[in-house]
Amino acid sequence: MALQPHPEFNAPAGPVLCVVMDGVGIGAGDEGDAVRLAHTPTLDWLARNAASGQLAAHGTAVGMPSDADMGNSEVGHNALGAGRIFDQGAKLVEHAVRSGSLFEGEVWRDAVARVKSSGQPLHFIGLLSDGNVHSHIDHLLAMLERAASEGVQACRVHALLDGRDVPARSALDYVLPLEAKLRELSEGGRDYRVASGGGRMSITMDRYEADWGMVERGWNHHVRGQGRQFSSLSEAVRTLYDESDKGDQDLEGFVIAEGGEPVGTIGDGAAVLFFNFRGDRAIEISKAFERDDFDAFDRGPRPEVLYAGMMQYDGDEQIPRRFLVSPPAIDETMGEHLAGSGKRQLAISETQKYGHVTYFWNGNRSGAFDDALETYVEIRSDAVPFEQRPWMKAAEITDTLIAQLRTGCFDFARVNYANGDMVGHTGDLDASRLAVEVVDLSLARLLPVIRSLGGVLVVTADHGNADQMFDTGKDGAKKPRTSHSLNPVPLHIYDPTRPGMALDSDALREANLGNVAGTCLELMGLKPPSDYARSLLTRA
18 MALQPHPEFN APAGPVLCVV MDGVGIGAGD EGDAVRLAHT PTLDWLARNA
68 ASGQLAAHGT AVGMPSDADM GNSEVGHNAL GAGRIFDQGA KLVEHAVRSG
118 SLFEGEVWRD AVARVKSSGQ PLHFIGLLSD GNVHSHIDHL LAMLERAASE
168 GVQACRVHAL LDGRDVPARS ALDYVLPLEA KLRELSEGGR DYRVASGGGR
218 MSITMDRYEA DWGMVERGWN HHVRGQGRQF SSLSEAVRTL YDESDKGDQD
268 LEGFVIAEGG EPVGTIGDGA AVLFFNFRGD RAIEISKAFE RDDFDAFDRG
318 PRPEVLYAGM MQYDGDEQIP RRFLVSPPAI DETMGEHLAG SGKRQLAISE
368 TQKYGHVTYF WNGNRSGAFD DALETYVEIR SDAVPFEQRP WMKAAEITDT
418 LIAQLRTGCF DFARVNYANG DMVGHTGDLD ASRLAVEVVD LSLARLLPVI
468 RSLGGVLVVT ADHGNADQMF DTGKDGAKKP RTSHSLNPVP LHIYDPTRPG
518 MALDSDALRE ANLGNVAGTC LELMGLKPPS DYARSLLTRA
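Per this note's numbering, residue 18 is the first one in the sequence shown, and the count goes up by one each step.
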């Protein structure tokens with residue numbers, strides 16, 4: 018799988034460094050555009066002095082079902098690393114639901130048969146929204162309807178509230194239709210109810226083992242029925258709204274109870290379907306259900322259940338073992354080709370995005386292709402609210418990155434600065450502006466290093482976020498936006514040895530994140546694979 022030398026482009030003396038400014042898109046330049054409001058002298062300098070353009074980072078351009086769908090870090094890094102666009106989880110699951118293939122599969126049939134035989138409920142755990150980044154409420158509703166039509170007498174929903182990929186306090190937009198559907202499906206003697214819930218950043222949906230306490234709280238609510246009790250999901254949301262100004266993602270966990278008894282603990286003989294299709298925030302809870310050697314927290318008696326995910330979240334580690342829809346088969350990524358060509362690679366980020374520059378960049382593959390040629394560095398994230406520390410770990414990442422580059426050991430390096438995305442999700446405009454400024458300062462530190470090493474700097478983003486911090490309601494009022502934007506992202510290529518470098522204007526018209534890999538390979542003096550999206554470099 019070794020790549021051939023490029024007939025026109027020679028390798029630079031130093032490394033090609035690809036910087037992913039997570040969540041830093043190209044906004045409208047208005048009062049809600051934290052990127053434009055930020056003081057960014059380095060990005061401004063690159064726009065004037067580097068070969069620059071913009072890339073599509075949402076919708077069908079990155080494998081989502083429609084152009085109304087936001088991009089996200091998972092699909093963004095898949096595209097950046099794969100050099101091609103693959104149909105993503107949202108699109109694959111939508112097709113499986115609409116075609117009925119999900120319900121014809123062995124896992125669905127086994128789950129239904131199990132609960133019909135045992136008399137236990139069929140449990141659904143997942144993110145309750147239509148953000149289409151981790152899940153979609155329509156998939157849940159379709160599975161509930163199908164379960165009823167197939168004679169499942171009892172279902173329980175464990176609802177994780179979003180407020181991150183959708184407006185900050187929009188939970189009731191999903192809670193009320195869900196409760197109405199459950200009442201409808203409970204006619205004829207069936208028993209379909211909500212059993213537990215809580216905000217996605219409070220319970221269950223941790224990632225990269227940053228805070229196992231989140232998963233433990235979720236386990237205790239979902240499985241053991243332990244937690245603050247409410248009579249309904251809507252009552253829980255309304256009460257928690259009245260008690261604080263927290264957004265949905267941060268609401269504390271709870272259980273639904275009658276007469277002081279939880280209505281939906283998970284017991285032996287049950288089936289549990291985790292209906293998120295995106296993997297990073299589904300892996301830990303899946304381990305809690307499946308692993309015999311689990312020691313992250315005390316699970317208590319682990320119920321004997323059939324557990325399955327909407328998709329397999331980690332193909333290398335087989336997490337979970339059973340799943341409803343096959344994930345995209347992403348092969349021959351840029352990292353694999355570079356390893357096969359004997360090129361040395363560095364990947365670095367803090368915990369929040371470490372899996373993105375490794376697992377997702379490598380096509381949903383854990384571990385290196387060649388341990389002797391690849392170095393992966395994780396800087397542990399702080400466990401504090403991001404708006405309180407918008408600088409996050411950018412300084413530490415940059416310190417380590419510079420030290421590694423100066424060793425002269427690497428041909429290609431990739432780094433993710435999480436600030437624009439993680440702080441942008443808080444909806445705090447001032448903190449997001451500072452987050453963007455921190456990333457700009459990091460770039461300012463990297464520029465002279467790239468010059469001194471004779472390398473090339475590639476700067477882009479995986480999707481927008483901090484570039485659109487407000488939504489405008491029908492009444493014209495501005496509301497904080499906590500979800501990703503549909504905006505394009507920047508691309509800057511700075512090669513100090515080729516000051517006249519330009520990008521292909523024709524290729525840029527339809528360019529997306531998939532074009533970055535081929536472009537980086539050409540910058541390294543390598544000929545991209547024939548099936549990669551075309552490089553954006555102009556020919557001599």
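Where a beta carbon is used, it is the ideal one built from N, C-alpha and C, also for glycine.
If you're wondering where the values come from, they're calculated on a predicted model, not measured in any experiment.
Under a Cβ-count criterion, where at least 16 other Cβ atoms within 10 Å of its own Cβ denotes burial, should residue i be classed as buried or exposed?
i    : result
M222 : buried
D86  : buried
F311 : exposed
L193 : exposed
A55  : buried
N66  : exposed
T489 : exposed
D111 : What sits at residue 111 in the sequence shown is Glu, not Asp. With 16 or more Cβ atoms within 10 Å of its Cβ, E111 is classed as buried.
K491 : exposed
A212 : buried
N27  : exposed
S83  : exposed
E233 : buried
G372 : buried
T424 : exposed
S146 : buried
D333 : exposed
How far does the beta strand (DSSP E) with residue i in it extend, from its first residue to its last?
i    : result
C537 : Element bounds for C537: not the beta strand (DSSP E) but the alpha helix (DSSP H), 532-540.
Y324 : 323-328
H239 : Taken as a continuous stretch (DSSP letters only), H239 belongs to no beta strand (DSSP E), being part of the alpha helix (DSSP H) at 229-239.
F487 : 487-489
Would you list the one or two residues that DSSP bridges to residue i?
i    : result
L508 : G70
H140 : R173, V289
P337 : P337 is not bridged to any residue.
E278 : E275
K133 : Paired residues: none, contrary to the question.
Since residue i contacts residue j with CB under 8 Å, what's their CB separation in whole angstroms?
i    : j    : result
Y330 : S366 : Wrong, their Cβ atoms sit about 19 Å apart, outside the cutoff.
L144 : N293 : 6 Å
P407 : A448 : 4 Å
F340 : M351 : That belief does not hold up - the Cβ atoms of F340 and M351 are roughly 26 Å apart, past 8 Å.
I347 : A99  : 5 Å
V150 : N95  : That pair is no contact at about 13 Å.
V476 : M38  : 7 Å
G148 : R295 : Contact flag wrong, Cβ pair sits at about 10 Å.
A210 : L199 : Strictly speaking, residue 210 in this sequence is Arg, with Ala absent from that position. Rounded, the Cβ-Cβ distance is 6 Å, consistent with contact.
V401 : Y434 : Actually they are not in contact, since the Cβ atoms of V401 and Y434 sit about 17 Å apart, beyond 8 Å.
At which residues does the alpha helix (DSSP H) containing residue i begin and terminate?
i    : result
S251 : 250-260
E162 : 154-166
L9   : Since the displayed the chain opens at 18 and closes at 557, residue 9 lies outside it and no answer follows.
K370 : 368-372
R53  : 51-54
E353 : 351-357
P194 : 189-202
R397 : From DSSP, R397 is part of no alpha helix (DSSP H); its letter is neither H nor E.
G205 : Premise fails: G205 is in no alpha helix (DSSP H) and is neither H nor E.
When the Cα of residue i is compared with those of the options, which residue comes out closest?
i    : options                : result
D521 : T514, L508, G148       : L508
A313 : E301, P320, G214, V322 : E301
S219 : L202, W236, L268       : L268
N436 : A412, D416, L422       : A412
G180 : Y258, E321, A64        : Y258
V280 : L158, G214, R131       : G214
T57  : Q335, R462, L158, F26  : R462
S135 : T443, E321, V401, Q485 : E321
H501 : M439, S552, E527       : M439
F247 : S343, R163, F271       : F271
L60  : V394, G76, G42, A130   : G42
I283 : L530, T555, S166, N237 : N237
I want to see whether chain C comes within less than 9 Å of residue i, judged by CB atoms only; does it?
i    : result
I336 : No chain C is present in this structure, which holds just one protein chain.
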